[in-house]
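Peer 1: Before I ask anything, let me first share the structure, which is written out below as structure tokens.
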Amino acid sequence: MAVEDTLSLAYCDDGPLAYCVSQGVCYLKPDEDPSSTKILKALRPVGSMIYTTGRTWRGPQGGLWAEVDVARNPGEMGWALVEGPGFNLRGPALIDPGSDGASQLIGIRWLKDPPLFSCLMPKTATIGNLVDALCARTGLNPKELRKVVPAHFK
284 MAVEDTLSLA YCDDGPLAYC VSQGVCYLKP DEDPSSTKIL KALRPVGSMI YTTGRTWRGP
344 QGGLWAEVDV ARNPGEMGWA LVEGPGFNLR GPALIDPGSD GASQLIGIRW LKDPPLFSCL
404 MPKTATIGNL VDALCARTGL NPKELRKVVP AHFK
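Quick note: the sequence shown uses my numbering, first residue 284, plus one each step.
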């Protein structure tokens, strides 16, 4: 079987036409060929949209990639990582906003300051899931985070 035939078996054309950035970072393959090994890491605001053609591709390591719609994403081309191993992510990088497991935008702030941290999480997520996501993205130690007000603030 030719390489092209093997790649075509991994394509699927029934994916969403838009995704929300869930973790403030996006991994892109700036190539028409999804099997390209060049991957760029780009910062994107949590909740921002990536428009796609609906075509997805599952890579050899299990990563799911969506083809970027160049007509709706000026200046971008190629494939965007939806979810997959090896990128130091907790959960998917992109979330289908039309999925049944509705997500919500979570922002952590100090008093009235702008948010220090934001992420998209399923409505079924727990505080523990939020702590895991916060620690994964910031390097904080989960044992140092508490759900109660420290005694010296009372």
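Quick reminder that beta carbons are idealized off the backbone N, C-alpha and C, glycines included.
Can you tell me whether residue 312 is buried or exposed? The criterion is at least 16 other CB atoms within 10 Å of its CB, across all chains shown.
Peer 2: The residue in question, residue 312, is buried, as its Cβ has 16 or more Cβ neighbours within 10 Å.
Peer 1: Quick one, which of 354, 320, 412, 390 has its alpha-carbon nearest residue 328's?
Peer 2: When only C-alpha atoms are compared, the closest one is 390.
Peer 1: Does residue 284 pass the burial test, meaning 16 or more other C-beta atoms within 10 Å, or should it be called exposed?
Peer 2: Low per-residue confidence applies at residue 284: pLDDT is 39, beneath 50, and the placement is therefore not dependable, though the value from the model is reported in the following sentence. Residue 284 comes out exposed.
Peer 1: Going by DSSP in three states, residue 322 sits in which element: helix, strand or coil?
Peer 2: Coil at residue 322, not helix or strand.
Peer 1: Tell me the DSSP bridge mates of residue 387?
Peer 2: Answer by DSSP bridge pairing, in chain order: 404.
Peer 1: Could you check what DSSP says for residue 414 in three-state terms: helix, strand or coil?
Peer 2: Here residue 414 sits in helix by DSSP.
Peer 1: From residue 306 to residue 403, what does the alpha carbon distance come to, in whole angstroms?
Peer 2: When rounded, the distance between both Cα atoms is 7 Å.
Peer 1: Return the chain-ordered ranges of every beta strand (DSSP E) run that is complete within the region 299-344 and spans a minimum of 3 residues.
Peer 2: The qualifying runs are 301-304, 308-312, 323-326, 332-341.
Peer 1: Give the straight-line distance between the Cα atoms of residue 429 and residue 395, rounded to the nearest whole angstrom.
Peer 2: Distance between the alpha carbons of residue 429 and residue 395: 20 Å.
Peer 1: Just mark residue 393 as buried or exposed, buried being the case when its beta carbon has 16 or more other beta carbons within 10 Å.
Peer 2: That one is exposed.
Peer 1: Which class does residue 359 belong to by DSSP, given the choice of helix, strand or coil?
Peer 2: It is coil, neither helix nor strand.
Peer 1: Using only the alpha-carbon positions, how far apart do residue 399 and residue 299 sit?
Peer 2: Spanning the two alpha carbons is a distance of roughly 30 Å.
Peer 1: With a Cβ-Cβ cutoff of 8 Å, do residue 376 and residue 388 count as a contact?
Peer 2: Not in contact: residue 376 and residue 388 (Cβ atoms no closer than 8 Å).
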